[in-house]
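Heads up, the thing below is written out as structure tokens.
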Amino acid sequence: MLSAWQKRHKNGAGGITLQHNKSKVVSGQNREQASTRATFMSTGVPMRFFDRYFILLGTILLSALCPNVAAAGGGGGMSGRSHRTPTASRAQLSLRPDLERLRLMWPRGDERRAAADFLLDNLANKFSVIDVERLQATIRIMDSIYAASTNQTAAADNIIAQKARDARSEPRIVPDGEALHPDSLRRNIEHALATWRRTRWRNLYSFDQFLEYVLPCRVATEPLEYYWREDCISRYYNQLPVDADVAGAATEINSRIDFRITQALFGTNIQSYSQIKRTGTGKCDDMATLTVMAMRAGGIPSAFEVIPAWGSINNGHSFCALIRPDGSAAAFQGQGDNGKNEYFIKKVPKIYRYVFSIQDSSLIGMYRATESVPRLFANCDLMDATACHAVDVRDLQVAMPDVGSDRGSDGGSDNRIAYLAVFSAGGIWKPVAYAANRGRETIFCDMGTGFSASGVAQGSPLDENMGEGILYMPCFYGNGQTIPAALPVVLSKDTTFVIKPGEEYQKVTLTRKYPRQGHIVEYAAQMVGGVFEGANRPDFADAVELFYIIDTPLSHMQRVAVGEGGAFRYVRFRKPGNRFSLAEMRFIDKTGGTLQGKLIACGAFEGNPEIKLTTDGDPLSYFSLPVMDGWIGLDLGREQGVAAIEFCPRTDDNDIRPGDSYRLFGWDGRWVDLGGQKAVSYELTFDRVPCGALLWLRNITRGREERPFIYRDGRQIWW
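Under the working numbering, the first residue of the sequence shown carries the number 60, and numbering increases by one thereafter.
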């Protein structure tokens, strides 16, 4: 039955309402026992059933908005994990005879035999994702673009990604049970054990920890190669301090890994070791894989860990985790990271560790054979590692529809598994945690609250208007869709509350579709102290100040009048500080037209082809270099009057943009269309918006970075 609010809006503004189909329940959380720390929230609401027309329409829209990309904060995010291995049960794997004979090389009780048993017994869900054609095509494009650029900017990465779309090819899945050679596996075992026995920290760890975090011949789903142990030793372990403990050794090795994160390879599968070394660049998946290999090569217990989706921005992240003897973990996320980072840069809902041992005793293992599961959990190779890090966690108790309820099911499921999902691009909900469905007493253990263990809020202090806590959607899953099953709930360090629309309405004024994050604020702040000048001498000896930037500007194109500025042949933007940063600049005459001229620049910028990015009309392209007293300007050819200046700092272009079309949605068990507008300024105003509702503003014209928010005290509060 439709709520009163839904009835009022079901025909609104000619837009669409994204709806979800009924489906099966499919997964669960490893920890099934209720915790005394549970926070009880009665969030159960009836599920609504929707017809096939809306399902198809919503699917088409979401497919267009959200191509199959993976979760990553700097790109990537286990893109290969979207592929399902043929099986994830030890009992279902029949090994080749030559692999089985490997066990017989050593007697029982020999560590080498135990290592062989561990690897062979857990091969069922291991595989390589081979995507060489697409990867090589992308790398060729990347090489050509970078060769023509003196500054490997995000703008260049975007060009590469755009050109590489035509290079898509269907990746091949190669199970390890088919590809492994017994001699290569034997060599891996002997090399890993020999290295392990030489480490100073071996006696601090159990043999099981060695098996899980040092021995495996693969890290994730990268194409199998076997020489990485020897090569990493020769590359990274020269003159390693002999008295280093495991943490010191990990820090030193991490500092020696030279790798550049790029968005250019976003969406490609993980590179092989040789490809990673050849490119020296890639996604966070690639860097995490390389770092784990480098650590394990020297007997440092480590694992590939992933944040499937942040709780404050779209995408997710992957990284290398050092496994300490007590089971806690230290994250290594790039060169210079010493593993002592107290908190992650964004809100963390969950951290999962990819392990070699098959997790077939989990709820996923129990139900995987008969029911579909989210891609993240499909391979039964995840361990919940959230509590192993300095992340503040709480147990969240949610009132779900009872087992056997027809709400959210397709009639073929008893809804035994419940999920918590977070918002993802395109308005979809991405499952990040699971638990046994116990109705009103369903408990999700160790959920992130958006804070570090010490109580410090995750994220940058410069992040604007971020709500405290993480927004979760209780749901079921089936047929590739999440099916919301209760009200959205915010879990914070000390509080828990649900978000639901009220009966009253309010007027809202919106300025962005995505939160202005700290690094975007920092980019804008880099313009403070900059000055726009006009002159009639080419050396600007007679420069006249037209406008001085005193405060951090907004992150969109802005115009300032210069009054009686006079007439000038030369105009420029000069930044006396230690970094020049600018996305766009225009000089406007008295008629409102844009003055045209030849680009000129200071000596440090002369000959740099990317100075043209400051006048190309694209706010997403920019020019930024660390330099003292740098400037870029125009030679207008003759003296001309300047009436105004328009400029834009380096930006994410997520402010409201004049000329773009937008639609506003509100959550009431589904996304309900509240109307659309074409922006005529840098603000949008909607008159009849339910108070307290969870809102989502879509840009129909461009872009995919969008986040939900509530409107309170005249501000957008982001989740």
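Idealized CB from N, CA, C, for every residue including glycine.
Check	Outcome
Within 8 Å, strictly: CB atoms of V365 and G358	no
Spatial neighbours of L244 in its chain, beta-carbon cut-off 7 Å, leaving aside the 5 residues before and after	L161, L178, C276
Contact set for E523: own chain, Cβ-Cβ below 6 Å, skip 5 residues either direction	R575
Distance, G735 Cα to E527 Cα	29 Å
Backbone secondary structure at V439 - three-state DSSP	Per the sequence shown, residue 439 should be read as Cys rather than Val. Three-state DSSP puts C439 in coil, outside helix and strand.
Own chain partners of L115 with C-beta closer than 8 Å, once the 5 adjacent residues on each side are dropped	Because L115 carries a pLDDT of 30, less than 50, the predicted location of this residue cannot be relied on, and no value is offered for it.
K81, DSSP secondary structure in three states	Because K81 sits at a pLDDT of 31, beneath the cut-off of 50, its placement in the model cannot be relied upon, and the point is left open.
Among R497, L546, Y681, nearest to I579 - alpha-carbon criterion	Y681
Whole-angstrom C-beta distance between A356 and I316, which should lie under 8 Å	Rounded, the Cβ-Cβ distance is 12 Å, inconsistent with contact.
K336 - DSSP class collapsed to helix/strand/coil	helix
Three-way DSSP call (helix, strand, coil) for L684 in this model	strand
Buried or exposed by the 16-neighbour rule on C-beta atoms within 10 Å, applied to G386	exposed
DSSP beta-bridge partners of C379	F363, F391
For R628, the three-state DSSP class (helix, strand or coil)	strand
N-terminal and C-terminal residue of the alpha helix (DSSP H) that V305 is part of	305-314
Nearest candidate by alpha-carbon position, reference F591, set E581, D601, Q585, Y607	Y607
The beta strand (DSSP E) enclosing C707, as first and last residue numbers	703-707
Local Cβ density within 10 Å of A458, reported as buried at 16 or more and exposed below that	buried
Pairwise C-alpha distance: F363 and R412	6 Å
Entirely enclosed alpha helix (DSSP H) segments - the segment 223-276, minimum 4 residues	235-238, 241-257, 266-272
Span of the alpha helix (DSSP H), counted from its first residue to its last, around Y295	287-295
Close beta carbons around G339, own chain, < 8 Å, minus the five adjacent residues each side	D317, F318, R319
DSSP state of T350 mapped onto helix, strand, coil	helix
Start-to-end residues for the alpha helix (DSSP H) that takes in I423	422-426
Backbone secondary structure at A458 - three-state DSSP	coil
Same chain, Cβ closer than 7 Å to I815, five either side skipped, listed in chain order	Summary: the structure shown does not reach residue 815, with the chain confined to residues 60 through 778, and so no result is reported for it.
Where A613 falls: helix, strand or coil (DSSP)	It should be pointed out that residue 613 corresponds to Leu in this sequence rather than to Ala. Of the three classes helix, strand and coil, the one that applies to L613 here is coil, per DSSP.
G485 (DSSP reduced to helix, strand or coil)	helix
Distance between R259 and L252 (C-alpha atoms, nearest Å)	14 Å
Euclidean distance between Cα positions of P533 and V686	50 Å
Spatially closest choice to V619 from F403, R645, R596, S314, by CA coordinates	R645
Distance between beta carbons of A703 and I647, contact taken as under 8 Å	4 Å
Of the listed residues G622, L613, H240, R631, nearest to D601 (C-alpha basis)	R631
Residue range of the unbroken alpha helix (DSSP H) whose run includes E157	Note that residue 157 corresponds to Asp in the displayed sequence, not to Glu. Element bounds for D157: 156-159.
N- and C-terminal bounds of the alpha helix (DSSP H) containing Y582	577-584
Local Cβ density within 10 Å of M586, reported as buried at 16 or more and exposed below that	buried
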